[in-house]
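Below is one structure, written out as C-alpha cells, with a few remarks after it.
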C-alpha cells in the first residue's frame, strides 16, 4: 500500500504544525505499507502557512505543497487527489492530530477487510476525538459526543483512489460550509462501497475553547450549511437526505420547541453561556448554544429551499 494523506488548509498554521509533525512520526510495517506522502493543499491562506512550510522542508520529508486561490475544501481535496501518487487516499482536516500508528491502523483494517470481502470495495473510518487542549490534544479521552453515524466523512477516512475517481470526486458546487463529503458518500454507497469502522486509527480534532465571540461565526456557518444542505437535497431528493439536513417537520418542531420559537437565542442565553464559560465548562456552554444554532440551521434550510423554488 502507498498512502496519500490529503489535507486542505486555510489559515490554520498553529494546529497545522502539530498535524504535520504527528504525521511525520508514523511507524508502520513495511510489509504492508511501502511508503506514504502528505499533500497539503493551501486554500489561499493569508497567515504564515506557506513561509513556515518552506522553512521547514527538511523536517517534513513526506509533505508536498499544492496551492490554490480560496475556493473551498471540496475543490482543495479534488486537487489533492489529482496530484496524488498513492493508490489509497486518506482524508483528514488540518486541525487533526493523529497517533503514531495512524497509517498502520488504517492499513491493517483495509487489508483485513479486503481479504475477508475479496475486493477493495470498502473504506475505513477512524475515530475522531474532539478536544480544545492545544498543548496536548492526544490526552483527550473519548466522549459520547464524539460518536458519528456518518457514512462517509472526511475527518478521518481511507479509501482506494480508483473509487473516488469512479464516483466523480467532490462536487465543486459545494463552495460554502458543509455536506460535500456526505454527498460524495451517497454516490459511493451507490457503487456498493462498505464502511469499515477503524477505531484504532485515532485523530484528535482540535478546536479553540468555546467563547461568546465565536457565536456570530457559528451562526453564519449554520446558515451556510443550510444552503449547502438544500444543494445536497436537490442532487439526491430522498427522505434520508432530508433527515440528514434537518429539512423535516420533525426537526422544525423539535428545535422550535427547544428554542421557544427562537426566543432562546444568542442574546437571551448570553448570561448563562458566559457563566458556564467562567466556571470552566465551555463544552457544556457550546452544547447549550447548539439549541439556537440548530434553530438557525433549520431556518436557513427552509429559507434556501424556498428561494431555490422561486
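In our numbering, the protein residues as written are 200 to 509.
We put the CB at the ideal spot given by N, CA and C, even for glycine.
By the CB criterion at 9 Å, residue 285 and residue 201 fall inside the cutoff.
Boundaries for residue 404: no alpha helix (DSSP H) harbours it, while the beta strand (DSSP E) harbouring it runs 393-405, taken from the DSSP string.
In this structure, DSSP gives residue 287 an extended state, which the three-state scheme calls strand.
In the assembly as shown, residue 442 is an exposed residue. Its beta-carbon has fewer than 16 other beta-carbons within 10 Å. Proximity to residue 464 across 296, 489, 448, 444 peaks at 489, based on C-alpha coordinates.
Taking 4 residues as the shortest admissible run, the segment 457-498 contains the following complete alpha helix (DSSP H) segments, listed from N- to C-terminal end: 469-477.
Annotation: the continuous alpha helix (DSSP H) that includes residue 248 extends over 248-254.
The three-state reading of DSSP puts residue 380 in helix, counting H, G and I together. Look at residue 309 here: in three-state DSSP terms it is helix. Residue environment for residue 207: buried (at least 16 other C-beta atoms within 10 angstroms of its C-beta). For residue 368, the secondary structure class from DSSP, reduced to helix, strand or coil, is coil.
For residue 218, the uninterrupted alpha helix (DSSP H) segment begins and ends at 212-222.
Taken through DSSP and simplified to helix, strand or coil, residue 236 comes out as strand. Residue 227 sits buried, since 16 or more C-beta atoms from the chains shown fall within 10 Å of its C-beta.
As a beta-bridge residue in DSSP terms, residue 355 pairs with 291. According to DSSP, residue pairing for residue 325 in a beta bridge involves 397. Under the 10 Å beta carbon count, residue 406 is surrounded by fewer than 16 other beta carbons and is classified as exposed. Straight through space, the alpha carbons of residue 507 and residue 292 are spaced by roughly 31 Å. Each of 428, 288, 335 was checked against the Cα of residue 205, and the nearest Cα belongs to 288.
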